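Using numbering that gives the first Met the number 0, the letters of the sequence shown map in sequence onto residues 0 to 186.
No residue lacks a Cβ here, since even glycine has one placed at the ideal position from N, Cα and C.
Please read all numbers here as calculations on a predicted model, not as lab measurements.
Heads up: the structure comes next, in structure tokens.
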Amino acid sequence: MATNIAILAAEEGEDINPLLPATYDIVWSLVCIAVIGFVFWKYILPKFQQVLGQRSDLIEGGIKRAEEAQAEAKAALEQYQKQLADARSEAAQIREEARTQGQAILAEMKTKAQEESDRIVAAGHSQLVAQRQQIVTELRGDLGRTAVELAEKVIGEQLSDEAKRAGSIDRFLSELDSVTADSAAGK
0 MATNIAILAA EEGEDINPLL PATYDIVWSL VCIAVIGFVF WKYILPKFQQ
50 VLGQRSDLIE GGIKRAEEAQ AEAKAALEQY QKQLADARSE AAQIREEART
100 QGQAILAEMK TKAQEESDRI VAAGHSQLVA QRQQIVTELR GDLGRTAVEL
150 AEKVIGEQLS DEAKRAGSID RFLSELDSVT ADSAAGK
């Protein structure tokens, strides 16, 4: 058909440019473009802008939520690190208190052990003194009886009088003590 129009136009003597469309095609094309543009501008563009706005809000909201979550995570991390540092210092303090208490208990136990040792030594010493005194008393009695028996045999008379016997024994023991003291002083 375009060739028919070009032939007709060539017969009429008009100069037709095959690259330019006919005027009525241009007019109807402009009308169609205007209607499509109006519909696009009136209905499609607002929906498109609404969707873009929602996506923009969603992205910005996501970014904001991510920043808030990151800030919360950072705050939680700082709190965790602070709690960890507090726990470490508390543990160090507890260890130091335990060490101090251990040293105090050890010192107390050493003191009690020393006191018990001193008490045992003192009790042993007093027991030794008491046993020594008992042995000395028994030996003095035995020595006195032996001396009286020996004196009776030597003298040949009976020292039956208790008063005489006690006086003789005491005198003999005091002489014996003085001899023992003199010999101990001489060493």
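Hey, residue i and residue j are a contact pair by Cβ (cut 8 Å); roughly how many whole angstroms apart?
i: Val147; j: Ile168; result: 7 Å
i: Arg118; j: Leu172; result: Incorrect: roughly 35 Å between the Cβ atoms, too far for contact.
Span of the alpha helix (DSSP H) holding residue i?
i: Ala119; result: It should be noted that the sequence gives Ile, not Ala, for residue 119. Per DSSP, Ile119 belongs to the alpha helix (DSSP H) from Leu44 to Ile154.
i: Leu29; result: Thr22 to Val38
When the Cα of residue i is compared with those of the options, which residue comes out closest?
i: Gly166; options: Ser177, Ile154, Gly143 and Lys41; result: Gly143
Can we count residue i as close to the ligand PLP, meaning its CB is less than 7 Å from some heavy atom?
i: Ser28; result: Inclusion of the ligand PLP in the displayed structure is not the case, the ligand content being empty and no account of it being possible.
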